[in-house]
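Asks: Take this structure first; my questions come after.
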């Protein structure tokens, strides 16, 4: 098929869209109508999945629903907090996706109606689909910490969705006097980016050590151990001695309530005050997943590990941070790996083929300092209950400085690669 | 020169000098075959594409400062031999020795062939 005739075919079927097509049936697909896929959410998972479907089967019409004009990545945003990177380098647009023939709808998706096979937008518009991919990321459970709210996050930034919150937290760090205390409150599992809070502590320490060396960082944790713990603790001892204190859940680190005006938190350890208070709240799958009925009691989306089709909503696949995919962590690489699997499964299922057993993989780099990279890697395959780890591991505890520097360089190469795949 | 000596020393580049250290005899016999033996089940194209996509996150054309060498268009036998060497502990590395343990010979060969065909 030539480029022109393909476009003509697309226009033809786009015209047919105007006619209400409640629940297009398999016979209609067999008769040659172009299958329609709607992707909800334009983060790493959603953007990558939309592009891969177009590449695998250019006849499929792909719509991406995303409320924001640009996407600001969480990966690398801790470098912004350290003053070591402009936030603009984390901002990406959807122009490349539009050029590839993906229809980008700038709107808030209210819910996916799996029965009617349509994504319902906040203004009531319905986008019909043959299969949908939900990639809504996370939302915050503001009610889980007494005294915390969306408004309170202007005083106690979460900075756990990058953008204005990242800039706000950076400004607060810049304004803090030498000798101040930065409190980072970390939720219990599961949450987006398990090693992220400790990378954040590291890179804020990197900034403070150079500019405000009498300052302290206090991590109040809702759990008793964390990702790459030994590696982080060794890096802290070597690079920022006596600057970072970590209080585990058992030692009273879990935050039960906060006073945003006073910048204090109640814990079993006592009342803790920060001159800067970064409260990373407990999380749930993105609001649209909850509204669609795609979430379980825990607030996350259970999925089939072969196709990433929702176990609750037939015809709807869920990928990324919103899923129950443990032992895969909630990371950009995991979301991208799941996007590959879901995109191929969607195409296979639309074309009447059986998706084969996949292999999934994750790599998460963390920067304990700009020149000190550490990583966790894992390879996964479907098991009887869900995903199973084939193998996993973290960077060597004893390693040469040049290996740490190499992993820091890889972190940047990875970021270039993963954002290119999703957005460039 | 773009590639620093430290990086070459780490042998993570899958570079020709590192590969030259691996005589053919050191690699597992079947890994040298151009195609999988007939009794071996074919690796699904889905698995090959997704795994190649994972490799290219770090080993894409946008690799900078010499870190994580680009793999597209490279000799597939060289890629497969290097991954097997990482996996089997014959090659020092930072992250590849861990990742390589998740993949069998047939998958490594199929993914290497796919990467070699990637423009």
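Protein chains in written order, with the numbering used here: chain A, 1 to 424; chain B, 425 to 543.
The C-beta atom is built at its ideal place from N, Cα and C for all residues, glycine as well.
Given the structure is predicted, the values throughout are model-derived calculations rather than measurements.
Decide if residue 172 of chain A is buried, meaning its Cβ has at least 16 other Cβ atoms within 10 Å, or exposed.
Replies: buried
Asks: Can you check whether the C-beta of residue 397 of chain A is within less than 8 Å of a C-beta belonging to chain B?
Replies: no
Asks: Classify residue 95 of chain A: buried if its beta carbon has 16 or more other beta carbons within 10 angstroms, exposed otherwise.
Replies: Classification of residue 95 of chain A: exposed, given that the 10 Å Cβ count is below 16.
Asks: Please return the same chain residues whose Cβ sits closer than 6 Å to the Cβ of residue 457 of chain B, not counting the five positions on each side in sequence.
Replies: Low confidence applies to residue 457 of chain B: its pLDDT is 45, below 50, so where it sits in the model is not reliable enough to give any reading.
Asks: Compute the distance between the beta-carbons of residue 291 of chain A and residue 111 of chain A, then report whether it is under 8 Å.
Replies: Yes, the Cβ-Cβ distance between residue 291 of chain A and residue 111 of chain A is below 8 Å.
Asks: Check this for me: beta carbons of residue 288 of chain A and residue 134 of chain A, under 8 Å apart or not?
Replies: yes
Asks: To the nearest angstrom, how far is the alpha carbon of residue 373 of chain A from that of residue 43 of chain A?
Replies: When rounded, the distance between both Cα atoms is 24 Å.
Asks: Where residue 79 of chain A and residue 414 of chain A are concerned, what is the direct C-alpha to C-alpha distance, given to the nearest angstrom?
Replies: 15 Å
Asks: Taking the alpha carbon of residue 391 of chain A as the point to measure from, which residue in B:491, B:524, B:509, B:482 has its own alpha carbon closest?
Replies: Nearest option by C-alpha distance: B:524.
Asks: Nearest to residue 324 of chain A by alpha carbon, out of A:195, A:138, A:105?
Replies: A:138
Asks: Given residue 147 of chain A, which residues of its chain have a CB within under 8 Å of its CB, disregarding the five upstream and five downstream residues?
Replies: Around residue 147 of chain A: 257, 258, 259, 260.
Asks: Work out the CA separation of residue 387 of chain A and residue 454 of chain B for me, nearest whole Å.
Replies: For residue 454 of chain B, the predicted structure reports a pLDDT of 43, less than 50, and the residue's modelled location is therefore unreliable. The matter cannot be settled from this model.
Asks: Can you give the Cα-Cα distance for residue 154 of chain A and residue 276 of chain A, rounded to whole angstroms?
Replies: C-alpha separation (whole angstroms): 12 Å.
Asks: Nearest to residue 409 of chain A by CA position, among A:245, A:334, A:371, A:332, is which residue?
Replies: That would be A:371, whose Cα lies nearest to the Cα of residue 409 of chain A.
Asks: Taking CB distances under 8 Å as the criterion, tell me whether residue 446 of chain A reaches chain B.
Replies: Since the first and last residues shown for chain A are 1 and 424, residue 446 of chain A lies out of range.
Asks: Relative to the C-alpha of residue 503 of chain B, which residue among B:466, B:542, B:536 is closest?
Replies: B:536
Asks: Does residue 229 of chain A have its Cβ less than 8 Å from a Cβ in chain B?
Replies: no
Asks: Pick out whichever of A:309, A:220, A:311, A:363 has its Cα sitting closest to the Cα of residue 330 of chain A.
Replies: A:363
Asks: So, using beta-carbon positions, are residue 326 of chain A and residue 301 of chain A closer together than 8 Å?
Replies: no
Asks: Please report the straight-line C-alpha distance between residue 424 of chain A and residue 532 of chain B, rounded to a whole angstrom.
Replies: 28 Å
Asks: Cβ of residue 62 of chain A within 8 Å of Cβ of residue 105 of chain A?
Replies: no
Asks: Are there three or more Cβ pairs, one per stretch, closer than 8 Å when the segment 242 to 250 of chain A is compared with the segment 202 to 215 of chain A?
Replies: yes
Asks: Spell out the partners DSSP gives residue 373 of chain A in its beta bridges.
Replies: In the DSSP assignment, the residues bridged to residue 373 of chain A are A:367.
Asks: Give the single residue among B:521, B:520, B:501, B:482 whose Cα lies nearest to the Cα of residue 419 of chain A.
Replies: Checked all of B:521, B:520, B:501, B:482; the closest Cα to residue 419 of chain A is B:482.
Asks: With a threshold of 16 other CB atoms inside 10 Å of the CB of residue 57 of chain A, please say whether the residue is buried or exposed.
Replies: By the neighbour-count criterion, in which a residue is buried when 16 or more other Cβ atoms sit within 10 angstroms of its Cβ, residue 57 of chain A is buried.
Asks: Quick one: Cα of residue 266 of chain A to Cα of residue 253 of chain A, how far?
Replies: 9 Å
Asks: Just the chain A side, please: which residues come within less than 9 Å of residue 473 of chain B by C-beta, in chain order?
Replies: What residue 473 of chain B touches in chain A: 52, 56, 340, 344.
Asks: What first and last residue would you give for the beta strand (DSSP E) that runs through residue 267 of chain A?
Replies: 264 to 267
Asks: At least one CB of chain A closer than 8 Å to the CB of residue 545 of chain B: is that the case?
Replies: In this structure chain B extends from 425 to 543, so residue 545 of chain B is not present and cannot be described.
Asks: Using only alpha-carbon positions, find the residue among A:335, A:368, A:382, A:376 that is nearest to residue 355 of chain A.
Replies: A:382
Asks: So that I know if they touch, is there some Cβ in chain A lying closer than 8 Å to that of residue 526 of chain B?
Replies: yes
Asks: Would you mind telling me which residues of chain B sit closer than 9 Å to residue 372 of chain A, beta carbon to beta carbon, in chain order?
Replies: Per Cβ cutoff of 9 Å: no residues; residue 372 of chain A is ~12 Å from chain B at best.
Asks: Do you know whose CA, among A:125, A:341, A:393, lies nearest residue 108 of chain A's CA?
Replies: Nearest C-alpha to residue 108 of chain A among A:125, A:341, A:393: A:125.
Asks: What did DSSP end up calling residue 145 of chain A once you bin it into helix, strand or coil?
Replies: coil
Asks: Mind listing the chain A neighbours of residue 480 of chain B? Cutoff is C-beta to C-beta under 8 Å, in chain order.
Replies: 417, 421
Asks: Could you check how far apart the C-beta atoms of residue 281 of chain A and residue 158 of chain A are, in whole angstroms? I think they sit under 8 Å.
Replies: 6 Å
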